[in-house]
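Student: Taken in order, the sequence shown gives residues 27 to 86; the numbers are from the working numbering. Note that the Cβ used here is the ideal one computed from N, Cα and C, for glycine as well. These numbers come from a predicted model, not from an experiment. Quick one: the structure is below, and I'll ask about it shortly.
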Amino acid sequence: MLIDMPEEGMFAGAVGTVVDRHELLGKEMGYSVEFFDADGTTRGVVTVPAHALRRWETND
Numbered sequence: 027m028l029i030d031m032p033e034e035g036m037f038a039g040a041v042g043t044v045v046d047r048h049e050l051l052g053k054e055m056g057y058s059v060e061f062f063d064a065d066g067t068t069r070g071v072v073t074v075p076a077h078a079l080r081r082w083e084t085n086d
């Protein structure tokens, strides 16, 4: 994730998996993302605007 969302307890650098896509006419695309810790424990599922995410790359 590229931005902090302290109200959700999530911060830039968090890693997650997209579980759903949200599209509203005239609005930015958004995604429901499941965020997890390094040990695989789910930290939460949060709706995030598209501009706040980037795809995981193999060199990350």
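Secondary structure at residue 60, three-state DSSP: helix, strand or coil?
Tutor: Residue state, collapsed to three classes: strand.
Student: Ignore the nearest five residues each way along the sequence and tell me which others in residue 48's own chain have a CB closer than 6 Å to its CB.
Tutor: Result list for residue 48: 56, in chain order.
Student: Mind checking residue 72: buried by the 16 CB within 10 Å criterion, or exposed?
Tutor: Residue 72 should be labelled buried.
Student: Going by Cα to Cα distance, which pick from 69, 44 and 66 is closest to residue 76?
Tutor: Closest by alpha carbon: 44.
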